[in-house]
Amino acid sequence: MLISLVREHTEQMNPPRALWVPFDLGRPMGAPDEPDFQRRVLESGLSLLAEKSGPVLADFPDDAPGSKPEDMSGWVCPVNLAPADADEAESCLRAQLEQEMTALQPWYDLQLEQKGRTTVGVGADNIRDSAKLIAGFLEDPSIDSPCDYRPLALMLKYNAEDLKAWYFEAATAQPGGSGRELADWFWKATTAGKSLLQLASTMRACDNKGLQALGTKGIVPRAYEHLVP
Amino acid sequence: MVRLSDLSEFEAEHLLALDCPQFSDSPFAEGPDLKDARVALITSAGLSRRDDSTFRPGATDYRVIPGDIASGELVMSHVSTNYDRTGFAQDLNVVFPIDRLREMETDGTIGSAAGFHYSFMGATEPEALEESARQLAGLLKEDKVNAVFLTPV
């Protein structure tokens, strides 16, 4: 039984049993921390096992909780991330990133305590090392990969995703933000987002094909491509 | 929500332009009664255990996820940035409903959850995944799985 996120694709592929769901890409079960709703999706999909003939493409009838515009909470970041003074605003990106992460650290720690789980750790064991790698590359794109068995492009990709995950986890210690609100906040209102936009630009300008490829398609979502310097 | 009509014109056009494999037939088979179903989860979300190797761009292999995995032991190394990851950051089950499946096993709704579940990394040419998929089918049979629940991202 296949969950279908894009009905048009499923119609073309024609699998034996599929349940189309009206959910965002990345959320095949609807919404986080909504166990009853997730259970309904799972049960609806598995109920298609009872169909005696196929192929079958059914439609899940309900939108995910919190997904409609009227459900948007007007979420705001729990921390004021604006530079404290002119000196801080003028400081280098590395220092700004460190300041920002220090401000968010209590919220990340709170989320970790609440959930007992983090998704950070694909690129590095310590998120500060992720930030240092990205800042270091921006300062000097000729650096070597810090890992013997992973090329620099892949390390930058993995550490960029870790940085995003860390920020999202910190932000969601205060519940209520939709995926769109959180993404807008990250890419438009954080130094980390600004760093990754610059990272994409710098990677694309390198001679190395791997850096070019991942810099072009692997760092910044299409929806925020217009922000890349 | 992924009704194409709700997306920007650019995003909708991009999704519609993607090549999807098309097949001459659909291998429909009779399904088990739910109370007799042994269900495995398979996702294309690029999930792996922390101590396992991550997925690389173009990966055609899969990762094994033990049925008793703790949620904090799974990380995501999918290559695409063009889907929402904030849900996964908050709750594994929005991508990989392992806790919901366990609950259905515990309350007798399904026969059992599989001993092992699996993840691919979906941003790969589908035809390139066939060999791994066939190998995986053999593993599912060994595990007496008679139903799979597939989640994309």
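Top to bottom, those sequences are chains A and B.
Under my numbering, read the first sequence as residues 1 to 229, first letter to last.
Under my numbering, read the second sequence as residues 1001 to 1153, first letter to last.
C-beta atoms are modelled at their ideal positions from N, C-alpha and C, and glycine is treated no differently.
Source: prediction; values computed, not measured.
At a CB-CB cut-off below 9 angstroms, which residues of chain A make contact with residue i?
i, result
"SER1071 (chain B)", "LYS115, GLY116, ARG117"
"ALA1037 (chain B)", "LEU46, LEU49"
Between residue i and residue j, is the Cβ-Cβ spacing less than 7 angstroms?
i, j, result
"LEU1015 (chain B)", "VAL228 (chain A)", "no"
"TYR1062 (chain B)", "SER1008 (chain B)", "no"
"GLY116 (chain A)", "ASP162 (chain A)", "no"
"PRO65 (chain A)", "PHE37 (chain A)", "yes"
"MET29 (chain A)", "PRO1152 (chain B)", "no"
"VAL220 (chain A)", "TRP166 (chain A)", "no"
"GLN12 (chain A)", "GLN1022 (chain B)", "yes"
"GLU1105 (chain B)", "ALA1113 (chain B)", "yes"
"TRP107 (chain A)", "ALA192 (chain A)", "no"
"THR190 (chain A)", "PRO141 (chain A)", "no"
"ASP1051 (chain B)", "GLY1111 (chain B)", "no"
"GLN111 (chain A)", "GLU169 (chain A)", "yes"
"PHE1116 (chain B)", "GLY45 (chain A)", "no"
"THR1124 (chain B)", "GLY1058 (chain B)", "yes"
"VAL1095 (chain B)", "PRO32 (chain A)", "no"
"ARG222 (chain A)", "ASN1082 (chain B)", "yes"
"TRP187 (chain A)", "CYS77 (chain A)", "no"
"LEU1140 (chain B)", "ALA1040 (chain B)", "yes"
"ARG1100 (chain B)", "ARG40 (chain A)", "no"
"ILE1069 (chain B)", "TYR1118 (chain B)", "no"
"ALA1012 (chain B)", "LEU1004 (chain B)", "yes"
"HIS226 (chain A)", "CYS1020 (chain B)", "no"
"MET1 (chain A)", "LEU48 (chain A)", "yes"
"ARG1038 (chain B)", "LYS1144 (chain B)", "yes"
Quick one: list the residues of chain B neighbouring residue i, beta-carbon separation under 7 angstroms, in chain order.
i, result
"ASP33 (chain A)", "GLN1090, ASP1091"
"ASN14 (chain A)", "PHE1023, SER1026"
"GLN99 (chain A)", "Here the premise fails: no neighbours, minimum Cβ distance about 22 angstroms."
Cβ closer than 7 angstroms: which chain A residues qualify as neighbours of residue i?
i, result
"TYR1083 (chain B)", "LEU25, GLY26"
"SER1005 (chain B)", "Residues of chain A passing the Cβ test: none, with the nearest at roughly 11 angstroms."
"VAL1153 (chain B)", "LEU25, GLY26, PRO28"
Between residue i and chain E, is any beta-carbon pair separated by less than 7 angstroms?
i, result
"VAL1079 (chain B)", "In summary, chain E is missing from the structure at hand, where the protein chains are A and B."
So residue i contacts chain A; which residues on that side make the cut at Cβ distance below 8 angstroms?
i, result
"PHE1149 (chain B)", "MET1, ILE3, LEU42, GLY45, LEU46"
"GLU1011 (chain B)", "ARG222, ALA223"
List the residues of chain B whose Cβ lies closer than 8 angstroms to the Cβ of residue i, in chain order.
i, result
"ALA50 (chain A)", "GLY1031, ASP1033, LEU1034"
"ASP53 (chain A)", "The question names Asp, but residue 53 (chain A) in the sequence shown is Ser. Result: PHE1028."
"PRO221 (chain A)", "THR1081, ASN1082"
"GLN38 (chain A)", "ASN1093, VAL1094, PRO1097, ARG1100"
"VAL122 (chain A)", "THR1054, VAL1075, MET1076, SER1077"
"GLU235 (chain A)", "Coverage of chain A is limited to positions 1 through 229, which leaves residue 235 (chain A) absent and any answer about it impossible."
"THR172 (chain A)", "THR1086, ALA1089, GLN1090"
"GLY179 (chain A)", "ASP1084, THR1086, GLY1087"
Taking Cβ-Cβ distances shorter than 9 angstroms, what residues in chain B pair up with residue i?
i, result
"HIS226 (chain A)", "Near HIS226 (chain A) there are no residues of chain B at all, since even the closest Cβ is about 10 angstroms away, more than 9 angstroms."
"LEU289 (chain A)", "Residue 289 (chain A) is absent from the model: chain A starts at 1 and stops at 229."
Any chance the CB of residue i is under 6 angstroms from a heavy atom of the ligand COA?
i, result
"ALA1123 (chain B)", "Only the bare structure without any ligand can be found here, which leaves the ligand COA out of the picture."
4-residue-minimum alpha helix (DSSP H) runs that sit fully inside the stretch 1121–1148 of chain B, ordered along the chain: If we require 4 residues or more, the alpha helix (DSSP H) runs fully inside the stretch 1121–1148 of chain B come out as 1130–1142.
Enumerated in chain order, which unbroken segments of the beta strand (DSSP E) with a length of 3 residues or greater are wholly contained in the stretch 29–72 of chain A? The DSSP assignment places complete beta strand (DSSP E) segments of no fewer than 3 residues inside the stretch 29–72 of chain A at 56–59, in order along the chain.
Taking a Cβ distance cut-off of 8 angstroms, strictly less, list which residues of the stretch 1090–1118 of chain B are near chain A, in chain order. The stretch 1090–1118 of chain B vs chain A, Cβ under 8 angstroms: GLN1090, ASP1091, LEU1092, ASN1093, VAL1094, VAL1095, PRO1097, ASP1099, ARG1100, LEU1101, GLU1103, MET1104, THR1109, ILE1110.
May I ask you to list, following chain order, the residues of the stretch 154–167 of chain A that have a beta carbon less than 8 angstroms from some beta carbon of chain B? Of all residues in the stretch 154–167 of chain A, the ones placed with a Cβ closer than 8 angstroms to any Cβ belonging to chain B are LEU154, LYS157, TYR158, GLU161, LYS164, ALA165, in chain order.
With a cut-off of 8 angstroms, do at least 3 Cβ pairs link the stretch 177–184 of chain A to the stretch 1076–1096 of chain B? In this structure the stretch 177–184 of chain A touches the stretch 1076–1096 of chain B; the number of beta carbon pairs closer than 8 angstroms is three or more.
Taking only runs that begin and end inside the stretch 1014–1101 of chain B, name each unbroken beta strand (DSSP E) of 3 or more residues, in chain order. 1038–1043, 1047–1049, 1063–1066, 1074–1076, all fully within the stretch 1014–1101 of chain B.
Using a Cβ distance threshold of 8 angstroms, determine whether the stretch 13–22 of chain A contacts the stretch 55–69 of chain A, with at least three qualifying pairs required. Contact between the stretch 13–22 of chain A and the stretch 55–69 of chain A is present, because at least three Cβ pairs lie under 8 angstroms.
Count Cβ pairs between the stretch 1062–1071 of chain B and the stretch 1026–1039 of chain B that sit closer than 8 angstroms; are there 3 or more? No contact exists between the stretch 1062–1071 of chain B and the stretch 1026–1039 of chain B.
Looking at C-beta atoms only, is the number of pairs between the stretch 1065–1082 of chain B and the stretch 1034–1051 of chain B that lie closer than 8 angstroms three or more? The stretch 1065–1082 of chain B, when compared against the stretch 1034–1051 of chain B, does touch it at the 8 angstroms Cβ threshold.
Using 8 angstroms as the Cβ pair cut-off and three pairs as the minimum, do the stretch 211–218 of chain A and the stretch 139–157 of chain A touch? Judged by Cβ distances under 8 angstroms, the stretch 211–218 of chain A makes contact with the stretch 139–157 of chain A, as three or more pairs qualify.
Taking one C-beta from the stretch 125–142 of chain A and one from the stretch 96–113 of chain A each time, how about it: are there three or more such pairs within less than 8 angstroms? At 8 angstroms Cβ cutoff, the stretches touch.
Name, going along the chain, the residues of the stretch 1046–1075 of chain B whose beta-carbon falls closer than 7 angstroms to a beta-carbon of chain A. Residues of the stretch 1046–1075 of chain B with a Cβ closer than 7 angstroms to any Cβ of chain A, in chain order: ARG1050, THR1054, ARG1056, SER1071, GLY1072, VAL1075.
Counting pairs of beta carbons, one from the stretch 191–208 of chain A and one from the stretch 134–144 of chain A, are three or more of them closer than 8 angstroms? A contact between stretches requires three or more CB pairs, one per stretch, nearer than 8 angstroms, and the stretch 191–208 of chain A meets this requirement with the stretch 134–144 of chain A.
If contact means a Cβ-Cβ distance below 8 angstroms, which residues of the stretch 1118–1147 of chain B contact chain A? Answer set for the stretch 1118–1147 of chain B: ALA1147.
Can you check the stretch 116–148 of chain A for any alpha helix (DSSP H) of at least 4 residues that lies completely inside it and give the ranges in chain order? Complete alpha helix (DSSP H) runs here, min 4: 127–139.
Residues of the stretch 203–219 of chain A in Cβ contact with chain B at a cutoff of 7 angstroms, in chain order, please. Per Cβ criterion, the list reads GLY218, ILE219.
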